[in-house]
Amino acid sequence: MIRVLGVSGSPHRHGNTETLLDAFLEGARGAGAEVEKVVLSTLAYAPCRGCNVCHRSGTCIVKDDAVPLLERMAAADVLAIASPIYSMGVTAELKGLIDRAQYRWARQFVTKTLDYSPEHLARHRGVFLATAGSDWPGVFDAAFPVVKALFSGLGFEYAENLVYDEMDRHGGIRGHPAALEEAAAAGRRAVESLSRG
Amino acid sequence: MPITVLGFAGSPRRHGNSETLLDWVLEAMGSEPGVSVEKIVIVDADINPCRGCNACERTGVCVQHDGMIPLYDRILEADCVVLAAPIYCMGLGAQAKAFVDRAQVYRSRKYVLGWPVIPEERKGKRLGLFLCTAGQPWDHVFDAALPSVKCFYHVSGIRDRDMQSLLVNDVDEPGAVVRHPTARSDATALGLAAVATLRERLA
């Protein structure tokens with residue numbers, strides 16, 4: 030069975046971003062996947078300390094909720110990362126988790142004990158979902174490289190962005206004409222593309 | 045009145061590469077007569093992430109009780125705000141990102157409540173300096189962090205054209221920036237030029 034893990038990086042419970050993620054996960058469930066959602070604001074983890082111990086050992090010395098979660102994320106078939114845009118980037122909570130995945134980057138590029146084959150990447154799909162209040166052009170652009178770094182570290186192909194701006198104008202994600210349907214369709218599509226393979 | 049410079053060290057590492065850049069800039073600025081400099085270390089300042097509660101859109105102040113609260117006025121009072129941070133995973137490290145996100149209060153004052161963030165007579169006078177280091181050698185390694193930093197300065201009442209950056213890539217291990225051929229002289233020059241500009245504007 031295809032396993033889908035959704036991670037919400039919003040400090041708000043059940044706000045625009047988490048609602049968008051819920052729609053994606055429901056779509057995935059409807060396509061037959063086993064679905065799980067993790068809300069970062071309910072976990073306890075510290076940001077990366079920049080100690081670089083992982084550059085020697087390939088493991089993180091900080092013992093908290095981050096590494097167990099990152100390992101579960103790496104074990105999923107579809108990984109959906111969701112964040113509102115704050116100050117032109119992902120939230121500090123999500124950035125804190127992404128920075129903690131450095132040990133996986135270190136395994137790939139420093140200790141060279143981890144390598145993702147093209148076949149592995151083809152079977153692991155990463156999807157980014159985001160909302161923004163404003164209508165500034167390019168409001169999501171600076172988040173993409175950060176999310177790409179996470180998907181690369183965890184061994185996922187960065188398959189798709191589902192990003193919706195002008196939440197203030199629409200009165201939230203439920204007021205958006207297409208967002209929730211598109212997210213549900215993307216959830217179904219992500220699972221079906223792997224089920225066929 | 046002295047020219048006031050407030051520097052923020054945004055790295056989780058103490059005395060690492062980005063904080064060293066900050067020390068050089070603050071040393072150059074502080075060596076000038078009539079300039080008062082102060083450094084605040086973000087990881088020691090007890091600054092939580094923004095909760096996204098949007099209460100500041102109604103009140104213009106933050107509901108949290110942490111180390112950021114006394115900094116809100118001090119950032120606006122400073123003539124020059126310096127932010128130093130490393131790039132982690134193509135963006136600001138999470139600690140610096142949390143600090144930047146908390147400036148949302150200023151955005152609420154300006155764009156939601158229509159309040160002046162700084163007094164009229166100080167508009168166009170202040171400067172922002174962004175000092176950033178990255179382990180990767182790529183030129184584009186800073187691109188995704190800059191919009192967040194611009195956002196911070198913009199809402200803090202410092203115009204895009206009044207923000208200058210010193211970006212040093214290919215420095216990863218602690219101390220690497222010390223061996224960089226131009227980082228120290230660039231930092232000193234940036235600090236001194238900022239003092240000269242501020243003197244002109246505040247004369």
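If you read the protein sequences in the order shown, they are chains A and B.
So in this note's numbering, the last one in the first sequence is 226, and the numbering has no gaps at all.
So in this note's numbering, the last one in the second sequence is 247, and the numbering has no gaps at all.
Ideal placement from N, C-alpha and C gives every residue a C-beta, glycine not left out.
Remember, it's a predicted structure, so these values are computed and weren't measured experimentally.
Since A:Ile127 is in the alpha helix (DSSP H), which residue starts that stretch and which ends it?
That run of the alpha helix (DSSP H) goes 121-129.
Return no unless some Cβ of chain A is closer than 8 Å to the Cβ of B:Gly60.
Yes, because at least one Cβ of chain A sits closer than 8 Å to the Cβ of B:Gly60.
Can you name, in chain order, every residue of its own chain whose Cβ lies under 7 Å from the Cβ of A:His149, other than the five neighbours on each side?
Exclusion of the five residues before and after A:His149 leaves Gly184 as the residues of its chain whose Cβ lies within less than 7 Å of its Cβ.
Residues of chain B with a CB under 7 Å from the CB of A:Gly87: which are they?
The premise fails here: A:Gly87 is roughly 16 Å from chain B at the closest Cβ pair, so nothing lies under 7 Å.
What would DSSP say about B:Lys83, mapped onto helix, strand or coil?
Strand, per DSSP.
Considering only the beta carbon of each residue, do B:Val212 and B:Gln139 sit closer than 8 Å?
No, these two residues do not count as a Cβ contact at 8 Å.
Is there a Cβ from chain A that is less than 8 Å from the Cβ of B:Met134?
Look at B:Met134: its C-beta is under 8 Å from a C-beta on chain A.
Short check: CB of A:Asp93 to CB of A:Ala73, under 8 Å?
Yes. Within cutoff.
Closer than 7 Å by beta-carbon distance: list the chain A residues that pair up with B:Arg95, in chain order.
Within chain A, the residues near B:Arg95 are Pro40.
Using beta-carbon positions only, say whether A:Ala224 and A:Gly61 come within less than 8 Å of one another.
The residue asked about is misnamed: residue 224 of chain A is Ser in this sequence, not Ala. Cβ atoms of A:Ser224 and A:Gly61: closer than 8 Å.
Name the chain C residues that come within less than 7 Å of A:Ile127, Cβ to Cβ?
Checking the listed chains, one finds no chain C in this structure; the protein chains it contains are A and B.
Determine the DSSP secondary structure at A:Phe138, reduced to helix, strand or coil.
In this structure, A:Phe138 counts as helix in the three-state DSSP scheme.
How would you write the range of the beta strand (DSSP E) that A:Asn190 sits in, first residue to last?
Its beta strand (DSSP E) spans residues 186-193.
Examine chain A for any beta-carbon lying closer than 8 Å to the beta-carbon of B:Ser75, and answer yes or no.
Taking 8 Å as the CB threshold, B:Ser75 stays off the interface with chain A.
A:Val168 by DSSP, collapsed to three states: which one?
Reduced to three states, the DSSP call for A:Val168 is coil.
So what's A:Arg42 in DSSP terms, helix, strand or just coil?
Reduced to three states, the DSSP call for A:Arg42 is coil.
Listed by chain order, chain A residues near B:Pro130 by CB distance under 8 Å:
Near B:Pro130 (Cβ distances below 8 Å), the residues of chain A are Gly79.
Would you mind giving the Cβ-Cβ distance between B:Ser200 and B:Tyr155, rounded to the nearest angstrom? I have them listed as a contact below 8 Å.
Actually they do not touch by this definition, with Cβ atoms about 13 Å apart.
Rounded to the nearest angstrom, how far is the Cβ of A:Val33 from that of A:Val107, given a contact under 8 Å?
Contact flag correct, Cβ pair sits at about 4 Å.
For B:Leu65 versus B:Ala227, is the C-beta distance shorter than 8 Å?
Yes. Within cutoff.
8 Å Cβ cut-off: residues of chain B touching A:Met17:
Past the edges of chain A, shown from 30 to 226, lies residue 17 of chain A, and the structure says nothing about it.
Please state whether the Cβ-Cβ distance between B:Phe52 and B:Ala128 is less than 8 Å.
Yes, the Cβ-Cβ distance between B:Phe52 and B:Ala128 is below 8 Å.
At which residues does the beta strand (DSSP E) containing A:Arg154 begin and terminate?
Note, A:Arg154: beta strand (DSSP E), 154-160.
Length of the line joining the Cα atoms of A:Ala52 and A:Ala207
If I take the Cα positions, the gap works out to 11 Å.
Can you give me the C-alpha to C-alpha distance between B:Asn92 and A:Pro76, rounded to a whole angstrom?
So the two alpha carbons sit approximately 11 Å from each other.
Status (buried if at least 16 other CB within 10 Å, exposed otherwise) for B:Ala238
It counts as buried.
Out of curiosity, what's the CA-to-CA distance linking B:Gly111 and B:Pro56?
So the alpha carbons of these two residues sit roughly 16 Å apart.
Note down, in chain order, every chain B residue with its Cβ under 7 Å from the Cβ of A:Lys124.
Within chain B, the residues placing a beta-carbon under 7 Å from that of A:Lys124 are Gly135, Ala138, Lys141, ordered along the chain.
In the DSSP assignment, what are the bridge partners of B:Thr48?
Answer is B:Ser80, bridged to B:Thr48.
Cutoff 6 Å; reference A:Gly35; Cβ partners in own chain excluding five residues on either side
Taking C-beta separations shorter than 6 Å and ignoring five residues to either side along the sequence, the partners of A:Gly35 in its chain run Leu50, Leu54, Lys66, Ala109, following chain order.
Opposing strand residues paired with A:Leu108 [DSSP bridges]:
By DSSP's assignment, A:Leu108 forms a beta bridge with A:Leu34, A:Gly155.
Please report the straight-line C-alpha distance between B:Pro218 and A:Met117, rounded to a whole angstrom.
Looking at the two C-alpha atoms, the distance is approximately 29 Å.
Can a CB atom of chain B be found closer than 8 Å to the CB of A:Ala121?
Yes - at least one Cβ of chain B is within 8 Å of the one on A:Ala121.
Is the separation between the beta-carbon of A:Asp164 and that of A:Asp194 shorter than 8 Å?
Cβ atoms of A:Asp164 and A:Asp194: closer than 8 Å.
To the nearest angstrom, report how far apart A:Ile31 and A:Val220 are at their CA atoms.
The alpha-carbon atoms of A:Ile31 and A:Val220 are separated by roughly 7 Å.
Let me see if you follow: with CB-CB separation under 8 Å, is A:Ala159 close to chain B or not?
Taking 8 Å as the threshold, the shortest C-beta distance from A:Ala159 to chain B does not fall below it.
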